[in-house]
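S.K.:
4 protein chains.
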Amino acid sequence: MKAFVMRRIGEVGFMEKDKPACGPNDAVVRATRGLVCTSDVHTVAGAIGERTNLTLGHEAVGIVAEVGSEVKLFKPGDRVCVGAITPIWGSDAAQRGFPSQSGQALGGWMYANVKDGTFAEYFHVNEADANMALIPDGISDDAAVYCTDMMSTGFAGAENANIPLGGTVAVFAQGPVGLMATAGARMLGAGLIIAVEADPKRQELSRYYGADVIVDFTKEDPVKKIMELTDGQGVDSAIEALGADITFQQAVKVTKPGGTVSNIGYHGSGEFVHIPRLEWGVGMANITIVTDLCPGGRVRMERMLRLLQNKRIDPTRLTTHVFPFDEVDKAFELMKTKADNIIKPLIVFS
Amino acid sequence: MKAFVMRRIGEVGFMEKDKPACGPNDAVVRATRGLVCTSDVHTVAGAIGERTNLTLGHEAVGIVAEVGSEVKLFKPGDRVCVGAITPIWGSDAAQRGFPSQSGQALGGWMYANVKDGTFAEYFHVNEADANMALIPDGISDDAAVYCTDMMSTGFAGAENANIPLGGTVAVFAQGPVGLMATAGARMLGAGLIIAVEADPKRQELSRYYGADVIVDFTKEDPVKKIMELTDGQGVDSAIEALGADITFQQAVKVTKPGGTVSNIGYHGSGEFVHIPRLEWGVGMANITIVTDLCPGGRVRMERMLRLLQNKRIDPTRLTTHVFPFDEVDKAFELMKTKADNIIKPLIVFS
Amino acid sequence: MKAFVMRRIGEVGFMEKDKPACGPNDAVVRATRGLVCTSDVHTVAGAIGERTNLTLGHEAVGIVAEVGSEVKLFKPGDRVCVGAITPIWGSDAAQRGFPSQSGQALGGWMYANVKDGTFAEYFHVNEADANMALIPDGISDDAAVYCTDMMSTGFAGAENANIPLGGTVAVFAQGPVGLMATAGARMLGAGLIIAVEADPKRQELSRYYGADVIVDFTKEDPVKKIMELTDGQGVDSAIEALGADITFQQAVKVTKPGGTVSNIGYHGSGEFVHIPRLEWGVGMANITIVTDLCPGGRVRMERMLRLLQNKRIDPTRLTTHVFPFDEVDKAFELMKTKADNIIKPLIVFS
Amino acid sequence: MKAFVMRRIGEVGFMEKDKPACGPNDAVVRATRGLVCTSDVHTVAGAIGERTNLTLGHEAVGIVAEVGSEVKLFKPGDRVCVGAITPIWGSDAAQRGFPSQSGQALGGWMYANVKDGTFAEYFHVNEADANMALIPDGISDDAAVYCTDMMSTGFAGAENANIPLGGTVAVFAQGPVGLMATAGARMLGAGLIIAVEADPKRQELSRYYGADVIVDFTKEDPVKKIMELTDGQGVDSAIEALGADITFQQAVKVTKPGGTVSNIGYHGSGEFVHIPRLEWGVGMANITIVTDLCPGGRVRMERMLRLLQNKRIDPTRLTTHVFPFDEVDKAFELMKTKADNIIKPLIVFS
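Below you can see the structure in the form of structure tokens.
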């Protein structure tokens with residue numbers, strides 16, 4: 306079968322691979338739709354170290370092709386959504402309530418990390434009963450594929466933020482994850498949502514997904530502006546959706562005593578991430594800093610799908626480009642350059 | 306009346322002051338016992354800025370001398386324990402569940418900060434019904450005075466740490482607050498308590514208060530040692546009880562994915578406190594960082610007193626020195642130099 | 306001044322009373338709008354025992370007429386919203402996080418219970434700084450008055466229900482509180498909201514406020530239907546918004562293992578409320594039953610007002626009737642009989 | 306192999322069975338020690354319906370005899386502790402955080418319910434990597450076997466009770482689970498523990514495990530006495546460890562507003578369990594009722610074992626009798642009659 310791989314750091318391309326083998330608890334899925342994620346770009350740039358001929362991609366839906374002997378809930382032909390994160394559910398971390406950390410930190414992140422990803426005609430699913438969900442009729446693959454990562458990750462940023470009903474939230478950066486964090490904050494009852502973003506198209510989508518106010522950090526100091534918008538009190542919750550030290554610092558600075566900083570961004574560089582000491586209340590202001598990696602699993606996917614089914618949100622507005630699978634290299638290149646105002650490119654498998 | 310004050314940055318001394326006035330919701334208390342806190346030393350050194358003739362001290366018990374017209378639960382002659390932190394209970398932060406942040410960050414910290422402290426013959430209590438607790442018969446003033454800050458603060462470090470019953474905890478630094486954090490972790494069901502401390506006397510007390518293992522950071526790398534003691538997994542919970550950047554970093558480094566770093570130390574210097582990026586799981590390992598300032602209030606004090614009443618803990622082992630009030634300057638000097646293996650000096654008012 | 310009172314059990318009427326006195330922490334407010342609550346009807350029927358010439362009403366907004374010497378945040382002329390529940394913020398229960406239980410069970414419920422209510426030209430507010438909120442410009446009194454009880458109570462039913470984002474919820478009864486529970490569930494990200502209601506007008510409002518499916522209990526067994534709608538799994542969360550034993554039992558029956566039953570209804574009769582043993586998992590199915598009384602306080606009111614300000618909800622759809630204050634007796638009578646499809650009657654003070 | 310079975314309702318006996326088969330994720334364990342549980346008695350009496358030749362027992366430790374192809378963490382010869390509850394970790398309920406409810410209510414309870422139990426020379430373990438734990442050297446089988454159910458269940462009763470550090474707790478009934486709930490409350494920092502028990506031997510053990518006060522319900526009204534012991538306030542937390550309607554009602558009655566009733570008892574009879582309406586605050590007093598079934602899993606067992614390893618508790622004081630496996634019928638009979646002051650009979654496999 307055809308696969309789109311990272312040949313080595315800095316180089317991608319197509320290659321032929323064997324269809325994945327299917328162990329007793331596994332499934333093999335034929336991909337129908339996928340999305341390219343900026344983290345694929347980081348991976349190819351070397352963020353997680355060298356990889357050789359590793360299939361890329363972790364956001365995909367498809368049709369079950371094969372299931373192992375112990376799989377009870379699925380059968381070939383089922384249309385399924387597979388979380389980008391596929392935890393080992395009996396692992397120590399999962400038993401402690403943190404399945405995304407199965408085996409080790411971020412250990413539930415397997416695709417395009419420790420095993421082949423989803424940009425291939427077929428991809429493998431570990432613990433299939435626990436990591437796949439049936440896509441209900443009436444939900445398109447084009448929408449369902451957003452459940453796997455963008456919705457699950459962005460919403461987690463909001464879910465972890467301890468937003469009081471009617472409370473105030475600031476969301477830093479409105480890329481696809483940040484936009485879903487904004488949508489999540491809106492769905493979770495925030496009374497005032499302030500989004501920080503400079504790009505006009507993203508600003509527009511931010512309003513669509515629920516931001517009340519947009520702060521353009523190229524035109525004004527976001528910390529000063531957010532303090533002003535909250536009568537000097539700061540927000541109940543700040544969501545960092547970029548993975549940059551500077552926005553993390555700003556998130557701490559705008560959070561009121563007793564508030565929560567919810568980090569959902571991948572911090573890719575530097576020895577340290579910096580907490581501004583004074584605004585952190587010298588370590589005594591009851592400010593909490595929480596972090597997360599995209600929640601996966603069948604139950605999570607089913608809840609995401611339910612939000613689509615009952616029209617709570619339309620994530621397809623994030624799709625700015627569409628490519629057939631044999632042009633995924635072009636989509637990848639666009640995600641790298643962020644040219645053409647790209648937000649998410651949808652990959653269509655024939 | 307006689308008061309021990311900070312005359313200006315760097316200078317302390319005794320002076321005569323008027324007995325405090327008593328508003329409708331207030332009480333005035335005649336001090337019987339007090340403790341000197343290292344934070345008094347920091348204050349005099351200028352940590353919170355200039356102060357002029359401000360009475361020092363925030364750990365005290367005494368006898369009610371006067372109550373305001375709206376005070377219902379107390380009367381002159383009552384023997385009371387007053388939290389070091391005296392929140393405004395109707396404030397925004399208190400209504401949100403964070404009374405120590407009344408009015409502003411750390412706003413419940415009034416004594417020897419925004420008003421005169423407790424090192425005087427009489428001291429003032431705001432919202433007396435809410436901020437004082439009766440000391441039950443059978444509990445000495447010498448013990449009760451530990452409820453006001455050392456027990457409440459140290460225990461909070463453990464309470465916030467999300468320690469699972471039977472879980473693993475590391476406590477960084479075994480000063481009086483760190484020792485109470487160790488005792489708190491023990492009282493809250495930790496299955497393995499690792500304390501980091503180099504001083505032999507504090508090591509001994511640490512074992513007394515519940516540490517299973519002591520790591521001497523002058524003899525071995527505490528991060529390496531703690532990882533080894535936990536089979537490479539790290540601890541469920543790490544408590545920072547010093548307020549130093551280096552121990553904070555170590556706390557993050559030894560915390561497993563899904564674990565909690567509970568900061569109870571006052572971070573007194575530097576523009577930033579540093580989160581080690583990789584060990585923090587690049588912001589995605591479900592590690593939570595929580596912070597707190599000594600909880601105050603009648604209910605908190607009553608619970609602390611109940612722990613004394615039913616012999617759950619004996620905090621008086623922390624008392625290494627005793628001085629009469631007119632020698633509090635000597636106690637203060639000792640706390641500054643940490644000479645003579647001092648842990649806490651008890652101040653006796655005549 | 307004129308007041309509408311419960312003369313004795315079973316009898317209401319108007320009478321002249323003195324304007325309330327204003328203690329140091331208090332305010333006196335001139336009422337501008339009020340709402341009649343079914344609980345006023347219960348009170349007059351004797352639900353809380355005999356009362357003599359007690360002013361009725363607990364849902365009101367108005368203009369500050371007078372403030373006490375210790376009040377800092379308000380001044381005469383301010384337009385304010387006052388929670389139906391006015392806690393004693395320094396009380397034991399408030400310090401424990403349960404301000405509605407100040408002093409005793411339900412102790413924060415003072416109006417028309419232990420002191421005169423709000424159906425008078427002027428009414429009294431205890432701890433004014435903590436229990437009133439400024440109404441921002443642009444929010445009408447007609448809308449703001451819903452913050453005091455209907456929104457705060459109904460939303461609390463949803464907030465306490467531990468609804469996962471995308472989870473399933475059943476709301477039993479769609480009176481004004483149940484409708485706001487439905488709206489709350491929607492605002493908090495429920496993926497499927499099933500409302501149980503037989504009245505056509507309430508069914509219509511239920512859809513407007515966010516229900517996905519309405520179950521008419523006069524036409525089908527709600528337990529059977531809800532199990533069917535959830536593929537035999539039951540709901541994540543069930544909200545009881547009526548205060549009837551039968552709906553409470555149904556709520557338990559439709560809640561899945563690990564789910565939450567959130568009771569917000571006032572259970573007015575019977576020695577016991579019944580938990581169906583088997584569906585409760587013989588006491589071992591991780592089902593949690595939570596209860597609440599309308600949250601009050603300035604912060605709560607500010608959050609409710611923010612939801613109005615940023616157009617998250619329009620509660621005025623609940624207003625089916627309008628009466629001038631001197632006809633509040635007619636409104637009261639309608640609430641008693643529930644004639645004319647009444648939901649909430651708005652009272653306009655001249 | 307030899308197995309001790311329930312032949313049918315009301316009848317037990319020994320029979321020969323095949324050694325269990327071992328699937329890819331499973332293990333087969335040779336039993337070394339077991340405990341008889343009162344729930345075995347209930348099962349034989351018909352509490353969960355008819356069963357034919359079902360092997361009894363669910364509390365056991367042993368030596369791994371065989372592991373499946375997918376098992377990575379264990380090998381034959383390992384000395385292991387196996388939770389009484391063996392969840393399906395990928396199940397819907399486990400993903401939601403409630404592994405004991407795998408598949409259905411109480412679905413993690415498999416032994417002597419839906420499959421053969423542990424009173425046989427060999428027993429089967431599903432998802433072996435997730436449901437077994439290595440017993441560290443220095444912990445005897447005699448002690449480790451208490452981790453499987455008595456400690457895990459009793460402690461859960463305390464863990465779920467939201468006991469504030471220094472708070473007040475009442476534990477209803479001091480059978481083996483109730484005694485472990487008392488020990489759990491003590492390990493979790495309760496400041497006052499009131500145990501309700503009439504049996505002198507159990508009273509004595511109750512004091513040993515941490516009760517401060519014992520209320521003998523045959524001599525005084527426990528509700529009245531507990532209210533008296535708490536100055537009329539009631540307790541922060543009440544633990545029901547019997548599974549009787551009357552103690553459940555008492556638990557609600559003694560719980561203060563905002564407090565928690567933690568049910569850990571198996572309620573075996575009656576259509577309803579009764580909530581006393583008035584003391585429940587007519588459904589509005591912020592009283593929470595939580596329930597649980599013995600937590601299982603490797604992480605749970607490891608934490609229980611750590612408590613033994615570091616001498617936090619000695620559960621072997623519960624062992625009042627010892628029988629070889631071929632006399633387990635005598636142990637079973639004693640548990641039925643509760644003769645000879647039996648608490649727990651230890652079963653020794655040769």
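Residue numbers (the working numbering), protein chains in the order written: chain D, 306 to 655; chain C, 306 to 655; chain X, 306 to 655; chain L, 306 to 655. Glycine included, C-beta positions come from ideal geometry on N, C-alpha and C. Every value quoted in this text rests on a predicted model; they were computed, and no experiment measured them.
#1: Can you name, in chain order, every residue of its own chain whose Cβ lies under 6 Å from the Cβ of A365 of chain L, other than the five neighbours on each side?
#2: Confirm, please, whether the CB-CB distance from V474 of chain C to A495 of chain C is below 8 Å.
#3: Short check: CB of A652 of chain L to CB of V419 of chain L, under 8 Å?
#4: Show which residues of chain A have a CB atom less than 7 Å away from the CB atom of I580 of chain D.
#5: Secondary structure at G367 of chain D, three-state DSSP: helix, strand or coil?
#6: So W394 of chain C contacts chain X; which residues on that side make the cut at Cβ distance below 8 Å?
#7: Just to make sure I have the definition right: I need the residues of chain D whose C-beta is within less than 8 Å of the C-beta of R384 of chain L. Which are they?
#8: Applying the criterion that 16 or more other CB atoms from any shown protein chain within 10 Å of the CB defines a buried residue, is M320 of chain C buried or exposed?
#9: Take V518 of chain C and list the residues in its own chain whose beta-carbon comes closer than 7 Å to its own, dropping the five residues that flank it on each side.
#10: Can you tell me whether D536 of chain C is buried or exposed? The criterion is at least 16 other CB atoms within 10 Å of its CB, across all chains shown.
#11: 8 Å is my cut-off, CB to CB: does F379 of chain L come that close to chain C?
#12: Could you name the residues of chain C that V595 of chain D contacts, counting a contact when the two beta carbons are closer than 7 Å?
#13: What does the alpha-carbon distance come out to for the pair L411 of chain C and M415 of chain L?
#14: So which residues on chain C does Q406 of chain D lean against when the C-beta distance must stay under 7 Å?
#15: I want to verify the contact list: residues of chain C whose CB lies under 8 Å from the CB of R603 of chain X, in sequence order.
#16: Less than 8 Å between the beta carbons of V387 of chain D and K380 of chain D, yes or no?
#17: Just the chain L side, please: which residues come within less than 9 Å of N330 of chain D by C-beta, in chain order?
#18: Are the CB atoms of V559 of chain C and G539 of chain C within a distance shorter than 8 Å?
#19: Do N591 of chain D and T596 of chain C have their CB atoms nearer than 8 Å?
#20: To be precise: take each residue of the segment 408 to 434 of chain D, compare its Cβ to all Cβ atoms of chain L, and keep it if any distance is under 7 Å. Which residues remain?
#21: Can you check whether the C-beta of H572 of chain L is within less than 8 Å of a C-beta belonging to chain X?
#22: Taking 8 Å as the CB-CB limit, is L470 of chain L close to chain C?
#23: Tell me, to the nearest whole angstrom, how far the beta carbon of Y571 of chain C is from that of M589 of chain D; I am working on the premise that it is less than 8 Å.
#24: Please go through the segment 447 to 487 of chain C and give each complete beta strand (DSSP E) segment of 3 or more residues, from N-terminal end onward.
#25: In this structure, does DSSP put A549 of chain D in helix, strand or coil?
#26: Kindly indicate the opening and closing residues of the beta strand (DSSP E) around R313 of chain X.
#27: Got a sec? Which residues, its chain only, sit under 6 Å from K324 of chain D by beta carbon, not counting five neighbours each side?
#28: For R491 of chain L, name the three-state secondary structure that DSSP assigns.
#29: What does E533 of chain D reach in chain X if we use C-beta pairs closer than 9 Å?
#30: Considering only the beta carbon of each residue, do T458 of chain D and C599 of chain D sit closer than 8 Å?
#31: I need the boundaries of the alpha helix (DSSP H) containing T642 of chain D, first residue and last residue.
#32: Starting from the Cα of A655 of chain D, find the closest Cα among D:V627, D:K643, D:I647 and D:M640 and give me that residue.
#33: What runs of the beta strand (DSSP E), each 3 residues or longer, lie entirely inside the segment 342 to 412 of chain C?
#34: What number of angstroms, rounded off, separates the C-alpha of I440 of chain C from the C-alpha of S511 of chain C?
#35: Threshold first: 3 residues or longer. Then list the beta strand (DSSP E) segments lying entirely within the segment 508 to 596 of chain L, N to C.
#36: Does any C-beta atom of chain D lie closer than 8 Å to the C-beta of F403 of chain C?
M.R.: On the basis of the supplied data:
#1: Leaving aside the five residues that flank A365 of chain L on each side, the residues in its chain whose CB is nearer than 6 Å to its CB run, in chain order, A336, G339 and T423.
#2: yes
#3: A small correction: the amino acid at residue 652 of chain L is Ile; Ala does not occupy that position in the sequence shown. Between I652 of chain L and V419 of chain L, the CB-CB gap reaches or exceeds 8 Å.
#4: The structure shown contains no chain A; its protein chains are D, C, X and L.
#5: strand
#6: Residues of chain X passing the Cβ test: W394, G395, A399, Q400 and A435.
#7: Within chain D, no residue comes near R384 of chain L; the closest Cβ sits about 19 Å away, beyond 8 Å.
#8: exposed
#9: I499 and L534
#10: exposed
#11: no
#12: T593
#13: 52 Å
#14: The contacting residues are P562, G563, A590 and N591.
#15: G395, D397 and Q400
#16: no
#17: P329, N330, E375 and G395
#18: Yes, Cβ-Cβ distance for G539 of chain C and V559 of chain C is below 8 Å.
#19: yes
#20: E432 and D434
#21: yes
#22: yes
#23: Rounded to the nearest angstrom, the Cβ distance from Y571 of chain C to M589 of chain D is 6 Å, consistent with a contact under 8 Å.
#24: With a minimum length of 3 residues, the continuous beta strand (DSSP E) runs that stay inside the segment 447 to 487 of chain C are 473 to 477.
#25: coil
#26: K307 to R313
#27: M306 and Y427
#28: Helix.
#29: Per Cβ cutoff of 9 Å: no residues; E533 of chain D is ~16 Å from chain X at best.
#30: yes
#31: V633 to T642
#32: Inspection of the sequence shows that residue 655 of chain D is occupied by Ser rather than by Ala. Considering only alpha carbons, the answer is D:V627.
#33: 364 to 372 and 384 to 387
#34: 27 Å
#35: 518 to 520, 540 to 545, 560 to 568, 577 to 581 and 593 to 596
#36: yes
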